[in-house]
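J.: Questions regarding the structure given below will be posed in turn.
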Amino acid sequence: MNIVDEIQKLKKEKNAVILAHNYQLPEIQDIADYNGDSLGLSVEASKTKADIIIFCGVYFMAETAKILSPQKTVLIPDKEAGCPMADMITGEELRALKKKHPNAKVICYVNSSAEVKAESDVCCTSANSIKVVEKFFKEDDEIIFVPDKYLALYTASQIKRKFIFWHGYCPSHAKILSEYILEKKKLYPNAEVLVHPECRPEITELADKVLSTGGMSKYVANAKARDFIIGTEEGMIYRLAKDNPGKNFYLASELAHCINMKRITLDKVLACLRTNRHEIFIGQDIIEKAGLSIRRMVEC
Ligand code: 13P
Ligand code: SF4
C-alpha cells in the first residue's frame, strides 16, 4: 500500500481529520480534509466531529485547535514546527507591557502562544483584524496590538486607529521587498498584485489587494483578471493554481519561504496517525482564558 492510501485507511479507522494550512507542501495539501487560513482552520477545528485532529501547520495553529476543542486529541506531525513571529513575545513580556499601560485593552494576532492569548482580551487573524477592532473596542479605547507590527500598522491605517505596537514580524514576509514587486509588475503588466498584511507597509501600499491566504483564495476565484502576483509564502501558489486552472500566479519573491511550515511531511503524518505522537497539551487555566479571546474573535 502506498503512503497516501495508508494515511487514508488509518485516518478512517481512527476517526481522524487532517487540517492543513495553505502554506503546506503540495502533497500535504492534497491529503487534507480541509485546507485554509488560520481563521478557517480555527472554525473547522471547533466544529469537527472527529476524535483526532492531525494539524498540518505550525505549533500555535495546533494549540488554537486544542483550545477550541479541548476534549479532542490534537496532534502535530512535527513538534518543532514553530512560528518565529509567535515566539517574538512571551506571556511575561506581555504582562510587563500591560503593567506599563494599565488602562489598555489587548488584541493579539493568532500567531502567538496560548499564554499570550490567555493574557489578551481578544484575538484576531489576518482575515478579520479590522472587523475585530471595530466591533470589539470603543473609539477611545487604548489598545495594545501584539505581536505583528506590520499587521498592526496595516489595520491601523485602514480604520484610522492608534495602537501600542510590539516589534514582532514574520521573517518570511519581511523578505518581500518593493523592488521584487516592481520587477514582477514589469514582467506581467496586466497582473493584479495580492499581498498578505504581514508584509512591510511599502508592500501593502503597492498592492491592489491586501488579503489573508483564505481571502486570496476567495478573491481569485471571483476575479476577472487572469494573472496575479502573489506576495506571501510560496505554498499559496500551489493552492491557487490547483483551485483556479487557467489563471496564472507569479510569486513576488522566491525568498518568501517558511521552513517551519515545510517540516510537515507525509512520513511524519503517518507516524503521528500510527502512534498518536506529538499530542498538544495545554493547562486548564490557559485553555479557559485563551479560549475566551479566541471565541470572542470567532463570534465577532
Ligand atoms: P493566514 O491566516 O492568512 O493563512 O496567515 C497565517 C500565517 O501564518 C501567515 O504567515
Ligand atoms: Fe510564522 Fe511567518 Fe511562517 Fe506564518 S509564514 S508561520 S507568520 S514564520
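Quick note: to get my numbering, add 902 to the position in the sequence shown (first position is 1). Ideal Cβ positions, reconstructed from N, Cα and C, are used throughout, including at glycine.
Need the endpoints of the beta strand (DSSP E) that E1094 sits in, please.
T.: E1094 to V1097
J.: Write down every uninterrupted run of the beta strand (DSSP E) in the segment 928-1008 whose length is 3 residues or greater and which is fully enclosed by it, in chain order.
T.: 936-938, 954-958 and 975-977
J.: Which same chain residues, not among the five before or five after L912, have their C-beta less than 8 angstroms away from its C-beta?
T.: The residues are A918, L1172, L1175 and R1176.
J.: Do V1200 and L970 have their C-beta atoms closer together than 9 angstroms?
T.: yes
J.: Exposed or buried, H1069, counting other C-beta atoms within 10 Å across all chains shown (16 or more means buried)?
T.: exposed
J.: Taking the beta carbon of L977 as the centre, do at least 16 other beta carbons fall within 10 Å, making it buried, or is it exposed?
T.: Residue burial is scored here from C-beta neighbours: L977 has at least 16 other C-beta atoms within 10 angstroms and is therefore classed as buried.
J.: For D854 versus C1025, is the C-beta spacing smaller than 9 angstroms?
T.: Within the shown structure, residues of the chain are numbered from 903 to 1202, placing residue 854 beyond reach of any answer.
J.: By the three-class DSSP mapping on this structure, what secondary structure does E1107 have?
T.: DSSP, read as helix, strand or coil, puts E1107 in helix.
J.: Please list, in chain order, all residues of the same chain as S1195 whose beta carbon is under 8 angstroms from its beta carbon, the five residues on each side excluded.
T.: C1010, K1019, A1020, S1022, D1023, V1024 and C1025
J.: For R1141, collect the residues of the same chain with a Cβ closer than 8 angstroms to its Cβ; drop the 5 residues on either side in sequence, then sort them by chain order.
T.: Sequence-distant partners of R1141 (beyond 5 residues in either direction) whose C-beta falls short of 8 angstroms from its own C-beta, in its chain, are N924, Q931, N937, T1115 and S1119.
J.: For the alpha helix (DSSP H) that H1075 lies in, which residues bound it at each end?
T.: P1073 to A1076
J.: Below 8 angstroms, is the gap between the Cβ of D1145 and the nearest heavy atom of the ligand 13P?
T.: no
J.: If the criterion is Cβ atoms closer than 9 angstroms, does the pair E1135 and C1160 meet it?
T.: yes
J.: With 16 other CB atoms within 10 Å as the buried threshold, where does E1100 fall?
T.: buried
J.: Are the CB atoms of L1157 and I1131 within a distance shorter than 9 angstroms?
T.: no
J.: Quick one: is D1042 buried, meaning 16 or more other Cβ sit within 10 Å of its Cβ, or exposed?
T.: exposed
J.: Use the C-beta contact count for D980: other C-beta atoms within 10 angstroms, 16 or more gives buried, fewer gives exposed.
T.: buried
J.: How big is the Cα-Cα spacing for K1164 and L927?
T.: 6 angstroms
J.: Roughly how many angstroms lie between the CA atoms of L1079 and A967, to the nearest whole one?
T.: 33 angstroms
J.: List in chain order the residues whose CB is within less than 7 angstroms of at least one heavy atom of the ligand SF4.
T.: Y925, V960, C985, P986, M987, A988, N1013, C1072, P1073, S1074, H1075, E1100, E1135, C1160, N1162 and M1163
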